[in-house]
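Down below is the structure, laid out as structure tokens.
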Amino acid sequence: MVRELIAILRGVAPHEAVAIAEALILSGITKIEVPLNSPNAYESIESLANRYSGEAIIGAGTVLKKNEVTSVCNAGGRMIVSPNVNVDVIKETKKLKMISYPGGFTATECFGAIDSGSDGIKLFPAFLLGVDGFKALRAVLPPSLSTYAVGGVEPNNFADWLASGVTGFGLGNYLYKVGDTVSSVGKKAKKIVSAYDDASNEIT
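Numbering-wise (my numbering), the sequence shown opens with residue 149 and increments by one.
Put into structure tokens, the structure is as follows:
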């Protein structure tokens with residue numbers, strides 16, 4: 149099963165990134181982003197890409213500028229996630245043959261991202277949009293578009309979101325907070341994966 153889960157390691161430091169990523173991958177989460185406002189983010193991305201590029205998609209979050217896309221690519225990242233729709237960021241991402249997930253909340257933002265070539269949409273902040281809001285948005289979006297709910301989404305509401313047509317989820321604070329041990333992240337990751345699998349089976 150391909151689990152559409154993105155781990156958001158905001159605040160992770162290079163010395164712990166590899167061990168935490170290993171725990172995530174062993175649990176079944178194979179999309180990992182290091183937000184660029186984390187300490188020495190490019191160093192963490194490079195370490196993860198060097199170690200796990202064959203097992204996971206490694207990328208960056210909170211990517212706001214075109215030159216940051218280039219830096220992520222040079223560090224070995226393959227995925228660019230943003231909180232907003234920046235046409236220059238999306239186009240540079242696709243020019244470098246990377247995966248583009250800009251943040252969108254409205255139909256205008258989502259279609260602007262699609263028209264610029266994005267691979268999917270990060271629905272952010274998802275808790276404000278809500279399942280009902282997303283259902284209305286999903287009705288007008290291309291059926292094949294990947295959508296990830298990010299922000300305030302937890303395992304106990306995975307089923308509602310998946311039933312509404314969302315592709316997957318990005319998990320930040322629920323999965324990893326600064327100071328968490330590898331063991332605690334691994335336990336939370338297993339709980340998330342189990343909830344995702346149960347929710348997926350429930351709607352199929």
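The beta carbon of each residue, even a glycine, is placed where N, CA and C say it ideally should be. Given the structure is predicted, the values throughout are model-derived calculations rather than measurements.
{"Asked": "Going along the chain, which residues of its own chain have a beta-carbon closer than 8 Å to the beta-carbon of N188, five neighbours each way excluded?", "Found": "A161 and P162"}
{"Asked": "Quick one: what's got a C-beta closer than 8 Å to Y296's C-beta in the same chain, skipping five residues either side?", "Found": "E152, I154, Y249, G268, I269, K270, L271, V314, T315, G316, F317 and G318"}
{"Asked": "Should K245 go down as buried or exposed, given a rule of 16 or more other Cβ atoms within 10 Å for buried?", "Found": "exposed"}
{"Asked": "State yes or no: is the C-beta of N302 within less than 8 Å of the C-beta of Y324?", "Found": "In the sequence on display, residue 302 carries Glu and not Asn. No, Cβ-Cβ distance for E302 and Y324 is not below 8 Å."}
{"Asked": "Could you tell me the alpha carbon to alpha carbon distance between N215 and E350, rounded to whole angstroms?", "Found": "43 Å"}
{"Asked": "In terms of alpha-carbon separation, which member of N222, I228 and E240 lies closest to G251?", "Found": "I228"}
{"Asked": "Per DSSP, which residues does I173 bridge with? Please list them.", "Found": "Answer is none; I173 lacks a bridge partner."}
{"Asked": "Cα separation between G224 and F282?", "Found": "33 Å"}
{"Asked": "Name the DSSP beta bridge partners of Y296, please?", "Found": "K270 and G316"}
{"Asked": "What's the call for D328, buried or exposed, on a 16-neighbour Cβ count within 10 Å?", "Found": "buried"}
{"Asked": "In the DSSP output, which residue or residues are listed as bridge partners for E181?", "Found": "I156 and G207"}
{"Asked": "State the CB to CB distance for the pair V203 and I173, rounded to an integer number of angstroms; the pair is presumed to be in contact (CB under 8 Å).", "Found": "Checking the sequence, you will find Glu at residue 203 rather than Val. The Cβ separation is near 6 Å, so the contact holds."}
{"Asked": "Where does Y249 sit, in a helix, a strand or coil, going by DSSP?", "Found": "strand"}
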